[in-house]
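S.K.:
Residue numbers (my numbering): 4 to 583.
#1: Does the beta-carbon distance from residue 414 to residue 380 come in below 8 angstroms?
#2: Taking the alpha carbon of residue 355 as the point to measure from, which residue in 75, 234, 384, 231 has its own alpha carbon closest?
#3: For a test of the three-state rule: what should DSSP assign to residue 170, helix, strand or coil?
#4: On the DSSP letters alone, give me the boundaries of the alpha helix (DSSP H) that residue 253 sits inside.
#5: Would you tell me roughly how many angstroms separate the C-alpha atoms of residue 237 and residue 248, rounded to the nearest one?
#6: Starting from residue 233 and walking both ways along the alpha helix (DSSP H), at which residues does that stretch end?
#7: By Cβ distance below 6 angstroms, which residues in the same chain neighbour residue 477 in space, the five residues on each side in sequence not counted?
#8: Which whole-angstrom value is the C-beta distance of residue 300 and residue 277, which I expect to be below 8 angstroms?
#9: Pull up the CB-CB distance for residue 297 and residue 281, whole angstroms please, since I reckon it's below 8 angstroms.
#10: Return helix, strand or coil for residue 302, following the three-state DSSP convention.
#11: Comparing C-alpha positions only, which one of 219, 289, 110 sits nearest to residue 82?
#12: Taking DSSP as the reference, what is the three-state secondary structure of residue 183?
#13: Helix or strand or just coil, what does DSSP make of residue 521?
#14: Can you give me the C-alpha to C-alpha distance between residue 145 and residue 136, rounded to a whole angstrom?
#15: Should residue 336 be labelled buried (16 or more other beta-carbon atoms within 10 Å of its own) or exposed?
#16: For residue 142, which of 156, 226, 177 has the nearest alpha-carbon?
#17: How long is the line joining the alpha carbons of residue 382 and residue 121, rounded to whole angstroms?
#18: From the DSSP output, in three-state form, read off residue 214 for me.
#19: Going by C-alpha distance, which of 139, 124, 115, 138 is nearest residue 131?
#20: Specify, as a first and last residue, the run of the alpha helix (DSSP H) that residue 285 falls within.
#21: Please report the distance separating the alpha-carbon of residue 515 from that of residue 223.
#22: Kindly indicate the opening and closing residues of the alpha helix (DSSP H) around residue 437.
#23: Ordered along the chain, which non-local residues of its own chain (more than five positions away) have a Cβ less than 6 angstroms from that of residue 430?
#24: Measuring only the C-alpha atoms, how far is residue 321 from residue 153?
#25: Judging by CA-CA distance, which residue of 180, 173, 185, 265 is the nearest neighbour of residue 163?
#26: Using the C-alpha atoms, what's the distance from residue 361 back to residue 250?
#27: Give me, in chain order, the residues of the same chain whose beta-carbon lies closer than 7 angstroms to that of residue 167; leave out the 5 immediate sequence neighbours on both sides.
#28: State the DSSP-derived secondary structure class of residue 590, mapped to helix, strand or coil.
#29: Give the secondary structure of residue 549 by DSSP, where H, G and I count as helix, E and B as strand, and everything else as coil.
#30: In whole angstroms, what is the alpha-carbon distance linking residue 174 and residue 180?
As structure tokens, then:
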């Protein structure tokens, strides 16, 4: 009954047309009569229709004036900003600020963001400060002021503003995260990153905390942080690939493959994981499979110098030296100050008997990395072939002084001295080599030396008429090695390297170096497959001394991956509105 009564009261008022209102009234009256016929005891009160509206005067017909609302264009500014239509956005902001006499906070805020995108950090800082004056209770304005100060390198001032923002909003994890980045420059960063994780676990904070531990040399702590991050975010491919690379550096290949495989499961085009797997295969000599991996990753990073470096060393491993030099030259063109590329270029040119070019590249590599003994060793090979004995001797001495763990340096130096008639110095280098071998065997009882390297050491010992019971000789040596040792003992005065059979020792340095240096110094790298026309040559190398043959086959350098930034500028400040 209430519904019908309400219909009678509201129908005439809701009708815009008088005839429609009359029609509604007549039909409602009939309906009520029918209702009273069914329910005689009921009673309805019918209100009369309202009078028609009075005609409006001329004064009342004027439109209502629009009040100047400060925020009336904020939605339009936001739409153009998120579409990156910055020119239109700046034009609307200009109109809005003219109407409001510069009092529109949001327009100033967006204008500051656009200026920071354009690289105008100082003007953006001034605009954010204006926003903070208009609305001093906003933590977002203070965060943006601090961010601009951080980008200007004013870290202490940024810290003060972040602390003020934290006072307004204590549970904002972004503030603690960015405070950790600011404190990174004053060596007090870990506490605030941990606070950010306690407030809200976020992938960015986990990544930054792991980078902090890596920069501090705390690999175990970094692995624990990344493990926790993977448990929190198991589908983050960046975390998975980084953790896999860390396990790979520690020699834990099973765990490395597990995490890299998970990264590829969630993202089959993750080039970091693909390149890591390819470089592992390259390290173990499976160059064809590594090439296939690099082909997949080529689309992601086609202009990376490390990729050209490693693909060049794949060609080197397949003895396609012209293609290797072509790829390495491309890597050198892209990164002329990378000592690893120069090292490999010198190695390949030595192999191709281009000693002047090898000297050029090795000298440049030594200028960039003067603390690597193998560079001096390869330089000594080039100088020996260029008939500069004096400088070759100095290079060998420098290599033996710098490298305190690789016995190959002392073995090659001993062979060089023996070929030039200095048997006393040869014996000293040979004994130093044995001390390094003993040290390696004591540190790792399962360590195995290359067979050809042991044969060469036995030949050297027989030539020097020292005891044949070398500390690294395996029991039950084959007859071939004994025969070679005996042959060397029969003619101790003959220069080493004149026998063609000694050419078999050419790969001993590479095999030894792979066993000794790669677990500690070889990092995984970004690699690129670039198909080049290969020149097939069947050139026979002329006989050279044993020292030259050994040194030309020093293990190549595989380029390391970038696991963390070398400077804090690589750490990204978190900004919910926009990121530079």
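In this text, a Cβ means the ideal position worked out from N, Cα and C, and glycines have one as well.
M.R.: Taking the coordinates as given:
#1: Mapped onto the chain shown, residue 414 falls at position 411. Mapped onto the chain shown, residue 380 falls at position 377. Against a cut-off of 8 angstroms, the Cβ pair of residue 380 and residue 414 comes out as no contact.
#2: Position 352 of the chain shown, counting from 1, holds the residue named residue 355. Selected option, being the one with the closest Cα: 384.
#3: As a first step, residue 170 must be located in the chain shown, where it is residue number 167. Of the three classes helix, strand and coil, the one that applies to residue 170 here is helix, per DSSP.
#4: Sequence index remark: in the chain shown, residue 253 carries index 250 (1-based). Judged by DSSP secondary structure, residue 253 falls outside any alpha helix (DSSP H); it is assigned neither H nor E.
#5: The sequence position of residue 237 within the chain shown is 234, counting from 1. The sequence position of residue 248 within the chain shown is 245, counting from 1. Roughly 16 angstroms separates the two Cα atoms.
#6: Residue numbering aside, residue 233 sits at position 230 when the chain shown is read from its first letter. Looking at the DSSP string, the run of the alpha helix (DSSP H) that includes residue 233 is 222-235.
#7: As a working mapping, residue 477 is identified with position 474 in the chain shown. Model confidence at residue 477 stands at a pLDDT of 45, short of 50, so the residue's coordinates are unreliable and nothing is read from them.
#8: Looking up residue 300 in the chain shown gives position 297. Looking up residue 277 in the chain shown gives position 274. With 8 angstroms as the limit, residue 300 and residue 277 qualify as a contact, their Cβ atoms being about 4 angstroms apart.
#9: Walking along the chain shown from the start, residue 297 turns up at place 294. Walking along the chain shown from the start, residue 281 turns up at place 278. Contact flag correct, Cβ pair sits at about 5 angstroms.
#10: For the purposes of this step, residue 302 is identified with residue 299 of the chain shown, where counting begins at 1. It is coil, neither helix nor strand.
#11: Numbered from its first residue, the chain shown carries residue 82 at position 79. Selected option, being the one with the closest Cα: 110.
#12: Residue numbering aside, residue 183 sits at position 180 when the chain shown is read from its first letter. Helix.
#13: Taking the chain shown and counting its residues from 1, the one referred to as residue 521 is at position 518. Residue confidence for residue 521 is low, a pLDDT of 29 falling below 50, so the modelled location carries little weight; the figure read from the coordinates is stated next. DSSP places residue 521 in helix when its eight states are reduced to three.
#14: Mapped onto the chain shown, residue 145 falls at position 142. Mapped onto the chain shown, residue 136 falls at position 133. About 10 angstroms.
#15: Position 333 of the chain shown, counted from the start, is the residue given in the question as residue 336. It is exposed - the Cβ of residue 336 has fewer than 16 other Cβ atoms within 10 Å.
#16: Indexing the chain shown from 1 puts residue 142 at position 139. Checking every option, the nearest Cα to that of residue 142 belongs to 177.
#17: The residue you call residue 382 lines up with position 379 of the chain shown. The residue you call residue 121 lines up with position 118 of the chain shown. Within the model, the alpha-carbon separation for residue 382 versus residue 121 is close to 48 angstroms.
#18: Here residue 214 refers to the residue found at position 211 when the chain shown is read from its first residue. Judged by DSSP in its simplified three-state form, residue 214 adopts helix.
#19: Residue 131 sits at position 128 when you count from the first residue of the chain shown. The alpha carbon of residue 131 has as its nearest neighbour, out of 139, 124, 115, 138, the alpha carbon of 115.
#20: As a first step, residue 285 is located in the chain shown; it is residue number 282 there, counting from the start. Its alpha helix (DSSP H) spans residues 274-286.
#21: Against the chain shown, residue 515 aligns to sequence position 512. Against the chain shown, residue 223 aligns to sequence position 220. Legend: pLDDT at residue 515 = 31, less than 50; position of this residue unreliable, no value from coordinates given.
#22: Taking the first residue of the chain shown as position 1, residue 437 is located at position 434. Residues 426-446.
#23: Counting from 1 along the chain shown, the entry for residue 430 is found at position 427. Around residue 430: 467.
#24: By 1-based counting over the chain shown, the position of residue 321 is 318. By 1-based counting over the chain shown, the position of residue 153 is 150. Near 50 angstroms, if we compare the C-alpha coordinates of residue 153 and residue 321.
#25: To locate residue 163, count along the chain shown from 1; it is residue 160. Comparing Cα positions, the closest option is 185.
#26: For the purposes of this step, residue 250 is taken as the residue at position 247 of the chain shown. For the purposes of this step, residue 361 is taken as the residue at position 358 of the chain shown. Looking at the two C-alpha atoms, the distance is approximately 35 angstroms.
#27: Locating residue 167 in the chain shown gives position 164, counting from the first residue. Counting only Cβ-Cβ distances below 7 angstroms, and skipping sequence neighbours, we find 145.
#28: Within the shown structure, residues of the chain are numbered from 4 to 583, placing residue 590 beyond reach of any answer.
#29: What you label residue 549 is simply residue 546 of the chain shown in a count that begins at 1. A caution first: residue 549 carries a pLDDT of 32, below 50, which makes its placement in the model too unreliable to give a value.
#30: Residue mapping note: residue 174 aligns to position 171 of the chain shown, counting from 1. Residue mapping note: residue 180 aligns to position 177 of the chain shown, counting from 1. Annotation: residue 174 to residue 180 spans about 12 angstroms, alpha carbon to alpha carbon.
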